[in-house]
Amino acid sequence: MYLASISIDYKNPPVGFPDRFYLSESDKLDLHKMLLSQKNINAVIIIQTCNRFEINFTDDTESEGINQAKNVLLTRFGEDIKNFLSVKTYLDTLNHIFRVVTSIESMAVGENQILSQCKEAYNYSKKHGFTDTVLELAFEKAIKLGKLVRSETQISKGKVSISSIAVDMINNVCPLKDKKILLFGNGKMASLIAEYLKEFEISNITVIGRTPEKLFNFCKLFNAQAADFYYLPEILKSVDVVLSATSAPKVLVKKKLVKKVMRYREHPLYFMDIAIPRDIDPSASKIKNVHIYSYKDLREIANKNLRARLSEVSKVEKIINRENENFMKKLGQLHIEKYFTNLNKYTEAIRNKELEKAIYMLGAVCEPKIKQVLEGLSKSLMKKLMHNFLSQVRENPLDAEELEKFTNLFMGSTDQPSNQN
Numbered sequence: 016m017y018l019a020s021i022s023i024d025y026k027n028p029p030v031g032f033p034d035r036f037y038l039s040e041s042d043k044l045d046l047h048k049m050l051l052s053q054k055n056i057n058a059v060i061i062i063q064t065c066n067r068f069e070i071n072f073t074d075d076t077e078s079e080g081i082n083q084a085k086n087v088l089l090t091r092f093g094e095d096i097k098n099f100l101s102v103k104t105y106l107d108t109l110n111h112i113f114r115v116v117t118s119i120e121s122m123a124v125g126e127n128q129i130l131s132q133c134k135e136a137y138n139y140s141k142k143h144g145f146t147d148t149v150l151e152l153a154f155e156k157a158i159k160l161g162k163l164v165r166s167e168t169q170i171s172k173g174k175v176s177i178s179s180i181a182v183d184m185i186n187n188v189c190p191l192k193d194k195k196i197l198l199f200g201n202g203k204m205a206s207l208i209a210e211y212l213k214e215f216e217i218s219n220i221t222v223i224g225r226t227p228e229k230l231f232n233f234c235k236l237f238n239a240q241a242a243d244f245y246y247l248p249e250i251l252k253s254v255d256v257v258l259s260a261t262s263a264p265k266v267l268v269k270k271k272l273v274k275k276v277m278r279y280r281e282h283p284l285y286f287m288d289i290a291i292p293r294d295i296d297p298s299a300s301k302i303k304n305v306h307i308y309s310y311k312d313l314r315e316i317a318n319k320n321l322r323a324r325l326s327e328v329s330k331v332e333k334i335i336n337r338e339n340e341n342f343m344k345k346l347g348q349l350h351i352e353k354y355f356t357n358l359n360k361y362t363e364a365i366r367n368k369e370l371e372k373a374i375y376m377l378g379a380v381c382e383p384k385i386k387q388v389l390e391g392l393s394k395s396l397m398k399k400l401m402h403n404f405l406s407q408v409r410e411n412p413l414d415a416e417e418l419e420k421f422t423n424l425f426m427g428s429t430d431q432p433s434n435q436n
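What follows is the structure in structure tokens.
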């Protein structure tokens, strides 16, 4: 049984990545079934994120299952992805799974989301019966390892996401709980900001966006109020914090407007502008009680945190190498137990056959008591003959390839013995 993986990620993406590889629930189910319908593929776990698409599977052979999986992916997503597929086998696959779950293969090293995404993918496959013992062992070990490295190292310490740092920075200078918030934008970055704002028990969020339908859906998702840009002056009079993340080509909030608004305010106004180009006129920071933070401030913090995380990668790799060795020992033990099961079936079949022959040859003189003695004798002989050998194998495990060679030498195959007398 061989572990294998085929992946595509942000490091070498084909045209249309990642949208092209998005799978709906029905698509995901169909792809699992399509892969499992291949002759040499026994189990499958598919991981899909915004930066990664991969299938991890077990293969009866070293290459046939990989070729079959490749063909399925080329059929499903197009022949042009062929040169973008990264293929790994056996120990390299295990190492890859461990590196992915611990986040050192992520675009944002140390991010936590990949751990829950891998856990979700594993649970999905297990629930639908798409896993086997080897793949289950690999992913259960990987998930435990993902938690372990985050507690034993600083790989996830310090945020590197601009949106999360933006919210934290504003919260440090103006605690957000029970504050009135204005959010400019309803795109991807604004969505991330809104997601982080959930942590601060904010009940009053107003959102200004360009597309009414998209704005409505955004506000419904984040329990916010939609507003038109026309009412911006009035909104600025009452809010505490403005978070801006649009793709507008020019400044949306000019110094003149801020100056006018501040005449009606008795408390400070905080702006967090993470748009490129800027949404807020930076010269407005010269106005009394106006505080403006920009993408540049956040980028410096993000880079500092990222450097700290990268310095932890070598520690994570040492843990991964240690766990690789432990897992391979466990996998080797699994192969041995499987071998013992087959060997016991084989020797038991021989014993039963020879016992039947002896009973037949004794004929009428073979009374029940004699049958019982012969049964006990045959079992005792077989047990004593095999004891030293089985003990030696347990104490000095053979690798999978050696075990298979010995099995074929000893039994001819792992099937039942031949019918020769």
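Residues 16 to 436 (the working numbering) are what the sequence shown spells out, left to right.
Every residue, glycine too, gets a C-beta built ideally from N, C-alpha and C.
Being a predicted model, the structure only gives us computed values, none of them experimental.
Span of the beta strand (DSSP E) around residue 169: Neither: residue 169 is in no beta strand (DSSP E) and is coded neither H nor E.
Separation of residue 125 from residue 35, as counted between CA atoms: 26 Å
Three-way DSSP call (helix, strand, coil) for residue 69 in this model: Here DSSP, grouped into helix, strand and coil, assigns residue 69 to strand.
Helix, strand or coil at residue 239 according to DSSP, with G and I counted as helix: coil
Exposure of residue 221, with buried meaning 16 or more beta-carbon neighbours within 10 Å: buried
Alpha-carbon spacing of residue 14 relative to residue 339, whole angstroms: Not covered by the structure: residue 14. The range shown for the chain is 16 to 436.
Start-to-end residues for the alpha helix (DSSP H) that takes in residue 325: 310-325
Residue 183 - DSSP class collapsed to helix/strand/coil: helix
Residue interval of the beta strand (DSSP E) (run including residue 437): The requested residue 437 is not part of the displayed model; the chain covers only 16 to 436.
Local conformation of residue 436 per DSSP, three classes: Low local confidence applies: a pLDDT of 43 at residue 436 is under 50, so the model's placement there is unreliable, with the coordinate-based value given in what follows. Residue 436 falls in the coil class under three-state DSSP.
C-alpha gap between residue 251 and residue 318, whole angstroms: 32 Å
Those residues which DSSP pairs with residue 221 across a bridge: 197, 240
Residue 313, buried or exposed, once every other Cβ within 10 Å from all chains shown has been counted against 16: buried
Sufficient close CB pairs (3 or more, under 8 Å) joining the stretch 114-132 to the stretch 159-175: yes
Nearest-angstrom Cα separation, counted from residue 26 out to residue 59: Roughly 23 Å separates the two Cα atoms.
Nearest-angstrom beta carbon gap, residue 19 and residue 75 [assumed within contact, 8 Å]: Residue 75 to residue 19, Cβ: 11 Å. No contact.
Residue 31 to residue 320 span [Cα, whole Å]: Rounded to the nearest angstrom, the two C-alpha atoms are 31 Å apart.
C-alpha gap between residue 261 and residue 247, whole angstroms: 15 Å
Inter-residue Cα distance where the pair is residue 107 and residue 310: 39 Å
Distance CB(residue 389)-CB(residue 379) smaller than 8 Å: no
Simplified DSSP state of residue 28, which is helix, strand or coil: Assigned with DSSP and collapsed to three states, residue 28 falls in coil, not helix or strand.
Those residues which DSSP pairs with residue 288 across a bridge: The beta-bridge partner set that DSSP reports for residue 288 consists of 259, 309.
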